[in-house]
Amino acid sequence: MLDMYVANEVKVKVVPTLFIFGDSTFDVGTNNFINTLAKANVPFYGVDFPYSIPTGRFSNGLNTADQIAKQFGYQKSPLPFLALEKFQNGFKKSILNGVNFASGGSGILRQTGQKQWQEVVFLEKQVEQFAQVRGNITQILGPSKAAKFVSKAVFLISTGSNDLFDFASNDSNIHFGLEEYFSLLQLNYFSQLRNLYELGARKFGILSVAPIGCCPAVTFANGGNCVKPLNDLAIVFYKATQAVLQKLSSELEDFEYSLANTFAMTSALLNSPSTFGKHPI
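So in numbering that gives the first Met the number 0, spot 124 of the sequence shown is number 123, and the numbers just go up one at a time.
#1: Quick one: Cα of glycine 281 to Cα of leucine 95, how far?
#2: Helix, strand or coil: which one does DSSP assign to lysine 202?
#3: Provide the residue(s) that pair with glutamate 255 in DSSP beta bridges, ordered along the chain.
#4: Would the beta-carbon of alanine 152 fall within 9 Å of that of threonine 16?
#5: Inspect the beta-carbon positions of glycine 106 and glycine 97 and report whether they are closer than 9 Å.
#6: Let me know the beta strand (DSSP E) ranges lying completely inside the region 206-278, each 3 residues or longer, listed in chain order.
#7: Please list, in chain order, all residues of the same chain as lysine 202 whose beta carbon is under 6 Å from its beta carbon, the five residues on each side excluded.
#8: Going by CA-CA distance only, name the one from Gln128, Ser207, Leu244 and Ser76 that's closest to alanine 263.
#9: Give every residue of the same chain whose Cβ lies closer than 8 Å to the Cβ of phenylalanine 164, excluding the five residues on either side of it in the sequence, and list them in chain order.
#10: Ignore the nearest five residues each way along the sequence and tell me which others in aspartate 302's own chain have a CB closer than 6 Å to its CB.
#11: Using 8 Å for Cβ pairs, my map puts serine 150 next to glycine 199. What's the rounded Cβ distance?
#12: Name the residue from Leu81, Phe80 and Asp65 whose alpha carbon lies nearest to the alpha carbon of glutamine 74.
#13: Could you give the first and the last residue of the continuous alpha helix (DSSP H) run that contains glycine 134?
#14: Is DSSP giving alanine 6 helix, strand or coil here?
#15: Might you give, ordered along the chain, the residues of its own chain that have their beta carbon closer than 7 Å to the beta carbon of isoleucine 234, omitting 5 neighbours on each side?
#16: Can you determine whether any heavy atom of the ligand GTP sits closer than 8 Å to the C-beta of glutamine 245, and answer yes or no?
#17: The alpha helix (DSSP H) that contains leucine 192, what's its start and end?
#18: Quick check: what's the CA-CA separation for asparagine 224 versus asparagine 169?
#19: Start and end of the alpha helix (DSSP H) containing leucine 36?
#20: From isoleucine 33 to tryptophan 116, what does the alpha carbon distance come to, in whole angstroms?
#21: Using 9 Å as the threshold, is the C-beta distance between phenylalanine 57 and alanine 39 below it?
#22: Note down, in chain order, each residue of its chain lying with its Cβ closer than 6 Å to the Cβ of proline 265, except the 5 sequence neighbours on either side.
#23: Alpha carbon to alpha carbon, what distance is there between tyrosine 180 and glycine 60?
#24: Roughly how many angstroms separate the alpha carbons of lysine 238 and leucine 122, rounded to a whole number?
#25: Among Lys69, Pro79 and Thr63, whose alpha-carbon lies nearest the alpha-carbon of phenylalanine 129?
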């Protein structure tokens with residue numbers, strides 16, 4: 000009787016599988032496994048983790064991917080693809096719990112970050128890694144169940160800031176004007192999101208670019224002040240991303256998305272921190 004009561008009365012919270020893509024805002028250790036200068040495995044990264052151990056997150060503790068994952072019912076972000084790939088024993092079992100492909104320093108374009116950091120896992124490569132995971136899911140569940148499994152998963156993506164930094168630093172704008180460069184970003188972003196759709200993705204959570212002109216590295220080099228031209232690029236990028244997602248939604252059946260205006264949210268926090276509470280440092 001008790002079992003019947005529990006079955007009828009208790010609602011079990013279903014945690015959706017997360018597949019996470021992007022740059023350092025979402026990287027939870029990918030760059031520990033590649034030959035790159037963009038690493039976060041040294042102090043004082045991770046200072047707020049138990050024993051103050053750096054994990055490869057570009058953060059003092061949990062990062063944005065972890066915090067979003069917690070909202071879905073996870074304790075933190077799923078593990079990096081390259082970590083799972085290295086430790087093959089639990090690879091197939093682990094991928095059903097989600098995978099993080101994000102790489103610090105990477106961007107939408109293949110060349111973004113390569114000159115500065117030597118090696119990063121750019122978005123196209125991350126999607127290729129997911130294709131490998133998708134094949135393994137099919138092997139585990141079979142074609143029909145795998146398609147249903149992936150269609151119910153949530154695909155989180157946070158990218159674009161490094162593409163904007165590259166443009167602003169003249170690495171890209173010597174070849175492209177602003178309008179042409181954003182058209183290139185849109186074309187490539189559209190292509191990779193469509194590739195994910197063709198691999199079975201249906202639910203997308205997209206973070207736009209934060210006010211990168213106010214990030215610590217930039218303000219430190221600018222006398223503590225934000226750099227408006229960088230912030231202006233971030234605003235344009237949000238509108239460009241909106242256009243990409245609207246086009247995909249109009250063309251692809253069951254394509255669902257939520258676009259976070261990270262610029263507006265972060266600006267509100269910077270402009271009025273007391274509104275969001277106080278925390279001792």
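Each residue gets a CB set at the ideal place from its N, CA and C atoms; glycine is no exception.
Once the coordinates are examined:
#1: Given a span of 0 to 280 for the chain in the structure shown, any question on residue 281 remains unanswerable.
#2: DSSP places lysine 202 in the strand class (E or B) of the three-state scheme.
#3: Checking the DSSP bridge columns, you'll see glutamate 255 partnered with Lys202.
#4: In this structure, threonine 16 lies closer than 9 Å to alanine 152 by Cβ.
#5: Against a cut-off of 9 Å, the Cβ pair of glycine 97 and glycine 106 comes out as no contact.
#6: If we require 3 residues or more, the beta strand (DSSP E) runs fully inside the region 206-278 come out as 255-259.
#7: Closer than 6 Å at Cβ, skipping near neighbours: Val153 and Glu255.
#8: The residue with the shortest Cα to Cα distance from alanine 263 is Ser207.
#9: Correct list, in chain order: Ile211 and Leu229.
#10: Because the chain is modelled from 0 through 280, residue 302 falls outside the range shown and cannot be assessed.
#11: That belief holds up - the Cβ atoms of serine 150 and glycine 199 are roughly 6 Å apart, short of 8 Å.
#12: Taking only the C-alpha atoms, the option nearest glutamine 74 is Asp65.
#13: Here the alpha helix (DSSP H) through glycine 134 covers 122-140.
#14: Residue confidence for alanine 6 is low, a pLDDT of 44 falling below 50, so the modelled location carries little weight and cannot support an answer.
#15: Within the same chain, isoleucine 234 has close Cβ partners Phe262.
#16: In the structure shown, the ligand GTP is absent, as is every other ligand, since no ligand is present at all.
#17: Per DSSP, leucine 192 belongs to the alpha helix (DSSP H) from 177-197.
#18: So the alpha carbons of these two residues sit roughly 21 Å apart.
#19: Where leucine 36 is concerned, there is no enclosing alpha helix (DSSP H), given that its DSSP letter is neither H nor E.
#20: Using only the alpha carbons, I get a separation of about 11 Å.
#21: Cβ atoms of phenylalanine 57 and alanine 39: closer than 9 Å.
#22: Contrary to the premise, residue 265 reads as threonine rather than proline in this sequence. Ala209 and Pro210, listed in sequence order.
#23: Rounded to the nearest angstrom, the two C-alpha atoms are 34 Å apart.
#24: Taking the CA atoms as reference points, lysine 238 sits about 20 Å from leucine 122.
#25: Closest option to phenylalanine 129, Cα to Cα, is Pro79.
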